[in-house]
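Q: Numbering (UniProt numbering), first residue to last: 1 to 264.
Beta carbons: idealized from backbone N, C-alpha and C, even for Gly.
Below: one structure in structure tokens.
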């Protein structure tokens, strides 16, 4: 059985904005999940300060869950430069929260020129790689997004190829979002085969609509794409629910989907 995280937005962005993340920890635990993904874009600025994040992390631990810290900031700027300030802020915020993963978007990675600096910054922050990170350090992972910049398979294969060539293949990991590839016209199954060795966290959702008017939805129990992608990805990494639950029966739907994703 895979470990399942619930992404805060699954309870509805409006609900998170109104009630705060902590209000949904009980529902997450009752649904059978083991983790809760905190979204920076659904927080007021005061709630993203270090003290508030430490308090939220304490509440998450008290609910017998572990947190993921997710930010829409990108690891690389549009011109390919390393976004050092955003990376430092993400790691420091994740550390305050007690996060297992700190998730950023990839952004404009275009070559290996800044990889040495990335390694130096991560080492300075105590989160370099899996073998030489500080105890209880958050793991930095990059996610394929819904935009062309940071959402193309070629960027990710180039990133991990460059890391391997430089002897830094474990420097950072990947969050593989099954649905997001469809926004950028990529084949999720091809991406799963190419990137599986680097995947440490999976976002699961189905997609409806066309073009820019696509929306996340719950996969059907026999959804062929999600099942085929999961079969090609590591089976021992956490899987996150990033599709909206049915508002009319939120708790029941959350429990059903956690059970489905754990065994899919």
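#1: Does the beta-carbon of residue 239 have 16 or more other beta-carbons within 10 angstroms, so that it is buried, or is it exposed?
#2: Thinking residue 241 and residue 7 are a contact (beta carbons under 8 angstroms), I'd like their distance in whole angstroms, please.
#3: Pick out the complete alpha helix (DSSP H) segments inside the stretch 149-181, 4 residues or longer, and give them in chain order.
#4: Okay, do the stretch 116-127 and the stretch 146-159 touch, 3+ Cβ pairs below 8 angstroms being the bar?
#5: Residue range of the beta strand (DSSP E) that residue 74 falls in?
#6: Which residue or residues does DSSP assign as beta-bridge partners of residue 128?
#7: Check each candidate in 89, 206, 70 and name the one with the smallest Cα separation from residue 188.
#8: On a Cα-Cα basis, can you pick out the residue from 137, 49, 77 that is closest to residue 40?
#9: On the CB-based measure, 16 or more other CB atoms within 10 Å of its CB, does residue 30 come out buried or exposed?
#10: Taking buried to mean at least 16 other C-beta atoms within 10 Å of its own C-beta, is residue 62 buried or exposed?
#11: Compute the Euclidean distance between the alpha carbons of residue 220 and residue 117, then round it to the nearest angstrom.
#12: Express the C-alpha separation of residue 28 and residue 252 in angstroms, rounding to a whole number.
#13: Nearest by alpha-carbon distance to residue 128: which of 173, 36, 68 is it?
#14: Using C-beta distances below 6 angstroms, list every residue in its chain close to residue 149, excluding the 5 sequence neighbours before and after it, in chain order.
#15: Would you identify the three-state DSSP class for residue 242, choosing helix, strand or coil?
#16: My assumption, with CB atoms under 8 angstroms, is that residue 98 sits in contact with residue 57. Please give the rounded CB distance.
#17: Quick check on residue 86: does DSSP put it in helix, strand or coil?
#18: Mind checking who residue 208 pairs with in its DSSP beta bridge?
#19: Would you identify the three-state DSSP class for residue 109, choosing helix, strand or coil?
#20: Below 8 angstroms between beta carbons: does that hold for residue 12 and residue 234?
#21: In three-state terms, what does DSSP make of residue 200?
#22: State buried or exposed for residue 130, treating a residue as buried only when at least 16 other CB atoms are found within 10 Å of its CB.
A: Let's see:
#1: For this step, residue 239 is matched to residue 239 along the chain shown. The residue is buried, with at least 16 neighbouring Cβ atoms inside 10 Å.
#2: Position 241 of the chain shown, counted from the start, is the residue given in the question as residue 241. Position 7 of the chain shown, counted from the start, is the residue given in the question as residue 7. About 6 angstroms; that satisfies the 8 angstroms criterion.
#3: Segments of the alpha helix (DSSP H) lying fully in the stretch 149-181: 153-165.
#4: The stretch 116-127 is not in contact with the stretch 146-159.
#5: Indexing the chain shown from 1 puts residue 74 at position 74. Element bounds for residue 74: 66-76.
#6: Counted from its first residue, the chain shown places residue 128 at position 128. For residue 128, which the question treats as bridged, DSSP gives no partner whatsoever.
#7: Position 188 of the chain shown, counted from the first residue, corresponds to residue 188. In terms of CA proximity to residue 188, 206 leads the group 89, 206, 70.
#8: Position 40 of the chain shown, counted from the start, is the residue given in the question as residue 40. For residue 40, the nearest C-alpha among the options comes from 49.
#9: What you label residue 30 is simply residue 30 of the chain shown in a count that begins at 1. By the 10 Å Cβ count, residue 30 comes out exposed.
#10: Along the chain shown, one-based indexing puts residue 62 at 62. Exposed, by the Cβ-count rule.
#11: Within the chain shown, numbered from 1, the residue matching residue 220 stands at position 220. Within the chain shown, numbered from 1, the residue matching residue 117 stands at position 117. Answer to the nearest angstrom: the Cα atoms are 43 angstroms apart.
#12: Counting from 1 along the chain shown, the entry for residue 252 is found at position 252. Counting from 1 along the chain shown, the entry for residue 28 is found at position 28. Using only the alpha carbons, I get a separation of about 11 angstroms.
#13: Looking up residue 128 in the chain shown gives position 128. When only C-alpha atoms are compared, the closest one is 173.
#14: Locating residue 149 in the chain shown gives position 149, where the first residue counts as 1. Around residue 149: 108.
#15: Numbered from 1 along the chain shown, position 242 holds the residue referred to as residue 242. Coil, per DSSP.
#16: Along the chain shown, read from residue 1 onward, the residue named residue 98 stands at position 98. Along the chain shown, read from residue 1 onward, the residue named residue 57 stands at position 57. Their Cβ separation, rounded to whole angstroms, is 4 angstroms, which keeps residue 98 and residue 57 in contact under 8 angstroms.
#17: The sequence position of residue 86 within the chain shown is 86, counting from 1. Residue 86: helix per DSSP, three-state reduction.
#18: Stepping through the chain shown from its first residue, residue 208 is reached at position 208. When DSSP reads this structure, residue 208 sits in a beta bridge with 215.
#19: Mapped onto the chain shown, residue 109 falls at position 109. Reduced to three states, the DSSP call for residue 109 is coil.
#20: The count along the chain shown starts at 1 and reaches residue 12 at position 12. The count along the chain shown starts at 1 and reaches residue 234 at position 234. No, Cβ-Cβ distance for residue 12 and residue 234 is not below 8 angstroms.
#21: Counting from 1 along the chain shown, the entry for residue 200 is found at position 200. Collapsing the DSSP output to three states places residue 200 in a strand.
#22: In the chain shown, counting from the first residue as 1, residue 130 sits at position 130. Answer is exposed; the Cβ neighbour count stays below 16.
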